[in-house]
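Single-structure report; data block below.
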Amino acid sequence: MPQEDIESSLQETDLTAYTEEYWHPGYHIMTVQVKDKALFIDATDRSMGFTLKFDHLGYQTKFNAHLCNMYDGRKELLRAEFVMENGRATKLGLELESALKGVDLG
73 MPQEDIESSL QETDLTAYTE EYWHPGYHIM TVQVKDKALF IDATDRSMGF
123 TLKFDHLGYQ TKFNAHLCNM YDGRKELLRA EFVMENGRAT KLGLELESAL
173 KGVDLG
């Protein structure tokens, strides 16, 4: 999603509408919570622990997610998108695979 394609708008949806446990087969349960007036995921309990703090971009569904790697302190900006149904987030898409760039998995 190119930045120029995102309509800039204020965050109107209450942040609690996004709080949920989301499941991914590789990352398992990702719990979105509200921390310091922002959406936040604490995944520091993983072997490659990290946190994510979300900034709203537009459409009430598109966000930047600021990843902080707990292993080496590296920070990275990821894209995130929520799917909303009846005023609540039901799915979360994270561009976590980009966090593996440059990592030798062999």
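Under our numbering, the first residue of the sequence shown carries the number 73, and numbering increases by one thereafter. Idealized CB from N, CA, C, for every residue including glycine. Predicted, not measured: the structure shown is a model, and the values here were computed from it.
Practice task
For my contact list, residue 110 and residue 102 are in at a C-beta cut-off of 8 angstroms; report their separation, rounded to the angstrom.
Solution key: The residue labelled residue 110 in the question sits at position 38 within the sequence shown. The residue labelled residue 102 in the question sits at position 30 within the sequence shown. About 16 angstroms; that fails the 8 angstroms criterion.
Problem - Bridge partner(s) assigned by DSSP for residue 141 - result: Along the sequence shown, one-based indexing puts residue 141 at 69. Looking at the DSSP assignment, residue 141 forms a beta bridge with 122.
Handout entry: Supposed close pair residue 161, residue 92 - CB separation, criterion 8 angstroms
Key = Counted from its first residue, the sequence shown places residue 161 at position 89. Counted from its first residue, the sequence shown places residue 92 at position 20. The distance from the Cβ of residue 161 to that of residue 92 is about 6 angstroms, consistent with a contact at the 8 angstroms cut-off.
Problem - Same chain, Cβ closer than 8 angstroms to residue 89, five either side skipped, listed in chain order - result: Taking the sequence shown and counting its residues from 1, one reaches residue 89 at position 17. The residues are 156, 159, 160 and 161.
Handout entry: Backbone CA spacing between residue 87 and residue 81 [nearest angstrom]
Key = If you number the sequence shown from 1, residue 87 lands on position 15. If you number the sequence shown from 1, residue 81 lands on position 9. If I take the Cα positions, the gap works out to 15 angstroms.
Practice task
Between the Cα of residue 169 and those of 154, 84 and 150, spot the shortest distance and give me the residue it belongs to.
Solution key: The residue you call residue 169 lines up with position 97 of the sequence shown. Taking only the C-alpha atoms, the option nearest residue 169 is 150.
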